[in-house]
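Comments concern the structure below.
Numbering (our numbering), first residue to last: 960 to 1101.
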């Protein structure tokens, strides 16, 4: 019994360090993507995101998600943006930054109907969201 207790105590730091390194990796991912986006290196930002795998998207911070969505918008990658939106649908309801970035993605990719639908379903609209929608509606008038 003492051996198993000792084994558990010794494995706990390993478990902690493994989890901490994953958290650190995700924090670095968002920061690295932001730096690439700021340099308008959107393709590299998306490649970096792809290296981490879309399967882990629910464990990513909202900051990282906004960075990947910004890169999608600037690359005109509506399909990837929609896939990400479907995977993170629960996060969009509670985070105005993610919602705003998604609205920007849809407007930038000329999917005004999706932008309008998301805008209409957002409870706490920000001035930035109104601005994005006005810009989008003005840009795509017949």
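Heads up, the beta-carbon is just placed ideally off N, CA and C, and yes, glycines get one too.
Residue 1092 and residue 1074 have their C-alpha atoms spaced approximately 8 Å apart. Contact annotation, residue 1025 with residue 1055: C-beta distance approximately 11 Å; criterion of less than 8 Å not satisfied.
When the five nearest sequence neighbours on each side are left out, the beta carbons in the same chain lying within less than 8 Å of the beta carbon of residue 996 are those of 1004, 1026, 1029, 1030, 1033, in order along the chain. For residue 1012, the three-state secondary structure derived from DSSP is coil.
Ranked by Cα distance from residue 1064, the first of 1081, 1080, 1083, 1043 is 1043.
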